[in-house]
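If you use the working numbering, the sequence shown corresponds to residues 2 to 367, in order.
Using N, Cα and C, we set each Cβ at its ideal position, and we do this for glycine too.
Notes to accompany the following structure.
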Amino acid sequence: MQRATIDFGIDLGTTNSAVAVLNGVTPEIIKNNQDADVTPSIVGIDRRGAVRVGGDARDLSASDPDNAYGEFKRQMGANYRYTFKRSGQTRAPEELSAEVLKELRGNVQQRLGETIDAAVITVPAAFELHQCDATRKAAELAGFSQSPLLQEPVAAALAYGFQAEGDKAYWLVYDFGGGTFDAAVIKAEEGTIRVVNHGGDNFLGGSDFDWALITNLIAPRLSKEHSLADFTRDNLKWRTAFTLLKRSVERAKIRLSREDSVWIDECRFQGNNGETVEPDYELTRSALISAAGPIIRRSAEICLRVLEEKRLAPSAIERVILVGGPTLAPYFRDQIGNLLGIRLDHSVDPLTVVAKGAADFAGTQR
Ligand code: ADP
Ligand code: MG
């Protein structure tokens, strides 16, 4: 299909990535081969040097942690190399990001039969020039000849229909991801959406819920019941055990967004004497809410600081839009709504809103 505008938008996320296309005036998410809206930003390289991206690579990372990596977005623009032990290969963060971009482009090819060489790619408001350059480099390595960058909060606001003309109001874009938190105040000015102020914490996100449950509840119990004296997260001996626990607890946490209580499943590892350890524990939503409280409060404090720095009272903010997987949980919305005292809007799916906004913007780019 011949296109006059770019039309494709990509959210290249720390934890998950997504691609959307503008279909007429409506952005639509393009699903991956597993039929999911988002693809884990994880890249693995196997013994033969074959590259795996997404869910496949995540499966590899549990059994084979030296051969699959995620969260490389944190290192974009830094002089950092990832070593894949089995194949002996090394990769820079932008090369791993390029693999994710290629994967998303492959999904477009598979679903729409279209080979694309241009897409709008989103970056955090906090990205500095060298990080943006690394993102452009990743796009180039992935074979994109054109890749305008767009700030994530601006993309989210576009997906919510924030108009560059007209809307005089301030909005707060609250983006709580897997491992990073970003808050941005935006406003329409002279025909463009501008980030007035932003703040965040690079080590605050959905993962903290999982780890809080593990270190406060599950690890002490396992350690006691199976006499695992040295059972701590930073002990290399237990690396696989903690990786498996983290994944099981994350799945349980996600189920707790719908259910009041769930069981931890699919987690099995060897104890000190070779015996099988299999946590068979129930997790309740109320335990999760207690664990989540202090973490959500930290994000609220950052929001209030971001407002205060611009001498904006919460009452000056027309609405807060919620972005990021953890904001899907009803208890999360209740807590953050109470803490901020600003009207919340979560009418667009928080896992795909950034990609959709990027596609909206792409529709304006020739
Ligand atoms: P990022 O912007 O860092 O790529 P995402 O917005 O994709 O991150 O969020 C990933 C986080 O969202 C993970 O911690 C995951 O456990 C969490 N998450 C995803 N879906 C849900 C859900 N339904 N309920 C609670 N947490 C969820
Ligand atoms: Mg994100």
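- Query: Does at least one heavy atom of the ligand ADP sit under 7 Å from the Cβ of Ser208?
  - Reply: What you label residue 208 is simply residue 207 of the sequence shown in a count that begins at 1. Ser208: yes, Cβ under 7 Å from the ligand ADP.
- Query: In chain order, what residues of the same chain lie with their CB nearer than 7 Å to the CB of Leu223, ignoring the 5 residues before and after it?
  - Reply: Along the sequence shown, one-based indexing puts residue 223 at 222. In the same chain as Leu223, and ignoring 5 residues on each side of it, the C-beta atoms closer than 7 Å to its own belong to Leu229, Phe232, Val278 and Pro280, in chain order.
- Item | Segment contact flag, the segment 293-313 with the segment 189-208, C-beta cutoff 8 Å, min 3 pairs | yes
- Message: Please tell me whether, using a cut-off of 7 Å, the distance from the CB of Phe17 to the nearest non-hydrogen atom of the ligand ADP is below it.
- Response: Counted from its first residue, the sequence shown places residue 17 at position 16. Checking the sequence, you will find Asn at residue 17 rather than Phe. Yes, the beta carbon of Asn17 sits closer than 7 Å to at least one heavy atom of the ligand ADP.
- Assumed close pair Val307, Val186 - CB separation to whole angstroms, cut-off 8 Å: Position 306 of the sequence shown, counted from the first residue, corresponds to residue 307. Position 185 of the sequence shown, counted from the first residue, corresponds to residue 186. Indeed, because the Cβ distance is near 6 Å, the residues count as touching under 8 Å.
- Query: Of the residues Gly326, Arg195 and Asp211, which one's Cα is nearest the Cα of Phe177?
  - Reply: Along the sequence shown, read from residue 1 onward, the residue named residue 177 stands at position 176. Checking every option, the nearest Cα to that of Phe177 belongs to Gly326.
- How about Ser258: is its Cβ closer than 7 Å to a heavy atom in the ligand ADP? Within the sequence shown, residue 258 is the residue found at index 257, counting from 1. In this structure, the ligand ADP has a non-hydrogen atom nearer than 7 Å to the beta-carbon of Ser258.
- Within 8 Å, strictly: CB atoms of Tyr81 and Val324: Within the sequence shown, residue 81 is the residue found at index 80, counting from 1. Within the sequence shown, residue 324 is the residue found at index 323, counting from 1. Taking 8 Å as the Cβ cut-off, Tyr81 and Val324 do not qualify as a contacting pair.
- Message: Given a cut-off of 8 Å on the beta-carbon distance, is the pair Leu159 and Phe362 in contact?
- Response: Taking the first residue of the sequence shown as position 1, residue 159 is located at position 158. Taking the first residue of the sequence shown as position 1, residue 362 is located at position 361. Cβ distance < 8 Å, so Leu159 and Phe362 count as in contact.
- Query: Once you ignore the five residues that flank Ile368 on each side, which residues in its own chain have a CB closer than 6 Å to its CB?
  - Reply: No information on residue 368 is available, as it lies outside the stretch 2 to 367 that the chain covers here.
- Short check: CB of Ser116 to CB of Ala359, under 8 Å? Mapped onto the sequence shown, residue 116 falls at position 115. Mapped onto the sequence shown, residue 359 falls at position 358. According to the sequence as given, residue 116 is Thr; it is not Ser. It is not a contact, given that the beta carbons lie outside the stated cut-off.
- Cβ shell of Ala58 (< 6 Å), same chain only, five flanking positions each side left out: On the sequence shown, position 57 is the one that residue 58 refers to. Answer for Ala58: Ile43, Val44, Gly45 and Ala69, listed in chain order.
- Item | Proximity to Gly369 [Cα-Cα], best of Ala19, Arg48 and Val26 | Any answer about residue 369 is impossible in this case: the structure gives the chain only from 2 up to 367.
- Using 7 Å as the cut-off, classify the Cβ of Asp176 as near or not near the heavy atoms of the ligand MG, replying yes or no. Here residue 176 refers to the residue found at position 175 when the sequence shown is read from its first residue. Within the cutoff, so yes.
- Message: Run through the DSSP bridge pairs and tell me what Asp176 is partnered with.
- Response: In the sequence shown, the residue the question calls residue 176 occupies position 175. When DSSP reads this structure, Asp176 sits in a beta bridge with Asp183 and Val324.
- Item | Endpoints, the alpha helix (DSSP H) within which Leu257 is located | By 1-based counting over the sequence shown, the position of residue 257 is 256. Careful: Leu257 lies outside any alpha helix (DSSP H) and carries neither H nor E.
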